[in-house]
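**Q**
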Amino acid sequence: MSRDINKVMISGRLGRDVELRITPNGSSVATFSVASSRSSKQGDGQLKEQTEWFRVVAWEKLADTCATYLKKGSSVFIEGRLQTRDWTDQQGQKHSTTEVIASDMVMLGSRQNEGEDAPNGRMGGNGNNGRAAENIFEEELEPEGIPF
5 MSRDINKVMI
15 SGRLGRDVEL
25 RITPNGSSVA
35 TFSVASSRSS
45 KQGDGQLKEQ
55 TEWFRVVAWE
65 KLADTCATYL
75 KKGSSVFIEG
85 RLQTRDWTDQ
95 QGQKHSTTEV
105 IASDMVMLGS
115 RQNEGEDAPN
125 GRMGGNGNNG
135 RAAENIFEEE
145 LEPEGIPF
């Protein structure tokens, strides 16, 4: 039995508003793109920012949550798996794309909605039914609480 791993974690900002659709069998599916940037030092010592774009797909309750709370510019953390999809367009041209199939989403806030009532927290597509959970990074650790 194989124990392969297909897991991806990205953080970044939405490049456009979430598009929510309903499939013929009634399932919600949300698609959006996330830009994740990093800086690297060039040979001349200058920093250069590089941005990667990821197409994200969320299903069911997670899709509904994403469509409700996320918009262009929102800062998010997405956890999921990579999936490649092939299709042929109307002109007979073959295409392929790799997408992040989201299993969890954490809203990190956005420039536009700093004071609004959108919850910051973890949203899951599997198991926690889209409920917000505590941010594990908010708790302050006291040195005397460390057992070693």
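For the sequence shown, the residue numbers in our numbering are 5 to 152. Even glycine gets a Cβ: it sits at the ideal position worked out from N, Cα and C. These numbers were taken from a predicted model, which means no experiment stands behind them.
Run the proximity test for S100: is its beta-carbon closer than 8 Å to any non-hydrogen atom belonging to the ligand MG?
**A** Annotation note on the ligand MG: not contained in the displayed structure, which lists no ligands.
**Q** Quick one: what does DSSP say N66 is sitting in, helix, strand or coil?
**A** Mapped onto the sequence shown, residue 66 falls at position 62. According to the sequence displayed, residue 66 carries Leu and not Asn. It is helical.
**Q** From this set, Q50, M13, G96 and P28, which residue's C-alpha is nearest I105's C-alpha?
**A** Here residue 105 corresponds to residue number 101 of the sequence shown, with the count starting at 1. Here the closest residue by C-alpha is M13.
**Q** Taking 7 Å as the limit between beta carbons, can you name the residues of its chain near D93, skipping five residues before and five after?
**A** Within the sequence shown, residue 93 is the residue found at index 89, counting from 1. Taken in chain order, the residues that qualify are H99.
**Q** Starting from W88 and walking both ways along the beta strand (DSSP E), at which residues does that stretch end?
**A** Counted from its first residue, the sequence shown places residue 88 at position 84. The residue asked about is misnamed: residue 88 is Thr in this sequence, not Trp. Its beta strand (DSSP E) spans residues S78 to T92.
**Q** S15 and L74: beta carbons closer than 9 Å?
**A** Within the sequence shown, the letter at position 11 stands for residue 15. Within the sequence shown, the letter at position 70 stands for residue 74. The answer is no: Cβ separation not under 9 Å.
**Q** When the Cα atoms are used, what is the spatial distance from E83 to E103?
**A** Within the sequence shown, the letter at position 79 stands for residue 83. Within the sequence shown, the letter at position 99 stands for residue 103. Their backbone Cα atoms lie some 12 Å apart in a straight line.
**Q** Using CA atoms only, rank isn't needed, just tell me which of A39, S107, R7 and A67 is closest to Q54.
**A** In the sequence shown, the residue the question calls residue 54 occupies position 50. Answer by Cα proximity: A39.
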